[in-house]
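Let me begin by presenting the structure, written as structure tokens, before commenting on it.
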Amino acid sequence: MSDQKFCFSCGQKMPASASFCPNCGQRQPQFQAAVPATPAAVITPTVPVPPVTPAPVQSAPTAAPQAIDLKNFGKALDIDAVNRYRQALGYTSPDNLIIWAQHLPDMKMYLLLGAFSYLTSKQYMISFEDDGILFLGFGLTYFDGKNAFINFNDVKKLSFKNIGIAYHLTVATQDSKMKVQVNRFIMGHPWQAANVKILAQRYHK
Ligand SMILES: [Zn+2]
């Protein structure tokens, strides 16, 4: 009677039907959900080989939930680092749009429930994927592993509102809401201005 499963990357418990880990954003292998629940909660780790981590550094070969050293991907504010990390998590679309966003302190109360409850970082690199929105949390410099993926099918509201000096991106599901500030540009990172412009055309009304 196990309709739960565990993320093969971070061990987070989640519904067997979940395609994405609510904790780290890792895509879950489909066969786990398809196999008619093994009665015991003990999941024999048929650990799928994680998608090719670009490994400049040798990572521990046999550690059970493989510990990704997040620093290996590089500084979070770097588009190439974001793409390396995305790919390691199983997100491979080449058409993704990436923006940097800051947490709004007054949003805390919204974050306690639902899909966004793991997002407690100060800053995010947000990647608009083919099928949803990937939030990659980070602190000062490096990714912190607090991620979430919201499938577009679960999005009830998506707005990108001009507040003058910046934009507010709001993403709401049935039971959860996330709002972040998106600056129009970042010094030395021209992709921010370019991608903000595209998002504004796409979502700002
Ligand atoms: Zn996980």
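For the numbering used here, count along the sequence shown from 1 and bump the result up by 1111.
We treat Cβ as the ideally placed atom computed from N, Cα and C, and that holds for glycine.
Predicted, not measured: the structure shown is a model, and the values here were computed from it.
By the three-class DSSP mapping on this structure, what secondary structure does I1309 have?
DSSP places I1309 in helix when its eight states are reduced to three.
Per DSSP, N1262 is paired with what?
N1262 pairs with G1243.
Relative to the alpha-carbon of G1136, which residue among T1231, F1260 and S1232 has its alpha-carbon at the smallest distance?
Nearest of T1231, F1260 and S1232 to G1136, Cα basis: F1260.
Would you decide whether G1234 is buried or exposed? Buried here means 16 or more other CB atoms lie within 10 Å of its CB.
With the sequence shown as reference, residue 1234 is identified as Gln, and Gly is not the correct amino acid for it. Buried, because 16 or more other Cβ atoms sit within 10 Å of the Cβ of Q1234.
Is the CB-CB distance between V1293 and V1307 below 8 Å?
Yes, the pair counts as a contact, with Cβ atoms nearer than the cut-off.
Looking at the secondary structure, which residues open and close the alpha helix (DSSP H) in which L1200 lies?
Start and end: I1190 to L1200.
Within this structure, are the beta carbons of D1055 and N1262 separated by less than 8 Å?
Residue coverage of the chain in this structure runs from 1112 to 1316, which leaves residue 1055 outside it and unanswerable.
Anything with a beta carbon under 5 Å from a heavy atom of ligand 1 counts; list them all in chain order.
That gives C1118, S1120, C1121, Q1123, C1132, N1134, C1135 and Q1137.
With DSSP collapsed to three states, give me the class of A1152.
The predicted model places A1152 with a pLDDT of 47, which falls under 50 and marks its position as unreliable; any figure quoted below should be read in that light. A1152: coil per DSSP, three-state reduction.
Would I1210 and I1190 qualify as a contact pair, given that the criterion is a beta-carbon distance under 8 Å?
Not a contact, by the Cβ cut-off of 8 Å.
By Cβ distance below 7 Å, which residues in the same chain neighbour Y1196 in space, the five residues on each side in sequence not counted?
Counting only Cβ-Cβ distances below 7 Å, and skipping sequence neighbours, we find F1184, L1247 and F1254.
When the Cα of W1302 is compared with those of I1237, L1230, T1203 and Q1123, which residue comes out closest?
W1302 has its Cα closest to that of I1237, out of I1237, L1230, T1203 and Q1123.
Helix, strand or coil for Q1303? Go by DSSP, reduced to three states.
In this structure, Q1303 counts as helix in the three-state DSSP scheme.
Going by Cα to Cα distance, which pick from K1186, S1228, A1277 and I1276 is closest to F1249?
Taking only the C-alpha atoms, the option nearest F1249 is K1186.
Tell me the rounded alpha-carbon separation between R1138 and F1296.
Going by the C-alpha atoms only, they are around 30 Å apart.
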